[in-house]
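Visitor:
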Amino acid sequence: MATDAAISVTEDFFRLTVPRITDLSELKLVLQLLYLTERRGGPVPESVLLSAQIPGSVVGLDSPEPAEVRMRRVIERAVANGTLIRLTTAGAVAFLPGTERFRRQVDQARDGEPAMPGRAGIADADDVAVYRPNAFALYEQNIGPLTPLIAERIRDAERTYPRTWIERAIEETVGYNKRNWRYVEAILARWEEIGGPDEASGRRS
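Take a look at the structure:
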């Protein structure tokens, strides 16, 4: 008799990833990717996401526009929103859910750290390249319109803090539904005082 396999979904998915999702198709895509990542034990190739059945289940079949075309738009939006991680390993494009757990696993692989249990199937020797929108795009996609004043404050932040800090501070801001740059700056200042975001979350690098 077949049994249903459990899929692991951590708290940060609900606290940081779900608030970034903009519509139902994107939510369906992220959930499909969580399932496929668990089943495959690693990143999901683009060809799998665009296979015959998955686009229809994500975007539906009730449109004259091909499901694959609409699926590609949802993928691009999810990558821009940070709910999907698009990476290139061994010359092939693949995806992981954009949760903090998977982001840390990708960073470990890129930094050449020893393999950790559940590292999303990324081998140490892989040449991993990850697409990440810049801070200006992240602000517009998740917080609001980019004014000249905000653009200058983001430039100031980029001169002061590591890029990964700014990305994670924007994620924290969205997760707490505080969609303004002042809140991002407050998070960055607090992290600077205590030694970084990993110290704030009780982890050590």
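Per numbering that gives the first Met the number 0, the sequence shown starts with residue 0, numbered consecutively.
C-beta: ideal position from N, C-alpha, C; glycine also.
Assuming Pro-42 and Ala-93 make a contact with CB atoms under 8 Å, what is their CB distance in whole Å?
Guide: With a Cβ gap of about 4 Å, Pro-42 and Ala-93 count as contacting.
Visitor: Would you report the Cα separation of Gly-194 and Leu-48, rounded to the nearest angstrom?
Guide: For Gly-194 and Leu-48, the distance between alpha carbons rounds to 39 Å.
Visitor: Work out the CA separation of Gln-52 and Tyr-160 for me, nearest whole Å.
Guide: Cα to Cα, the separation comes out at about 43 Å.
Visitor: State the DSSP-derived secondary structure class of Leu-148, mapped to helix, strand or coil.
Guide: Leu-148 falls in the helix class under three-state DSSP.
Visitor: For Val-17, name the three-state secondary structure that DSSP assigns.
Guide: Helix at Val-17.
Visitor: Since Ile-84 contacts Arg-71 with CB under 8 Å, what's their CB separation in whole angstroms?
Guide: Not really, about 17 Å apart at Cβ, beyond 8 Å.
Visitor: Would you mind reading off the limits of the alpha helix (DSSP H) that contains Thr-87?
Guide: No alpha helix (DSSP H) contains Thr-87, which is instead part of the beta strand (DSSP E) from 83-88.
Visitor: Between which two residues does the alpha helix (DSSP H) holding Phe-207 run?
Guide: The question about residue 207 has no answer, for the chain in this structure spans 0 to 204.
Visitor: Check this for me: beta carbons of Ile-20 and Thr-82, under 8 Å apart or not?
Guide: A contact, by the Cβ cut-off of 8 Å.
Visitor: Within the same chain, show all residues whose beta-carbon is closer than 7 Å to that of Glu-170, passing over the 5 residues directly before and after it, in chain order.
Guide: Contacts found: Leu-15 and Gly-81.
Visitor: In whole angstroms, what is the alpha-carbon distance linking Leu-148 and Ala-77?
Guide: C-alpha separation (whole angstroms): 27 Å.
Visitor: Using DSSP with H/G/I as helix, E/B as strand and the rest coil, what is Ala-5?
Guide: Note: Ala-5 maps to coil in three-state DSSP.
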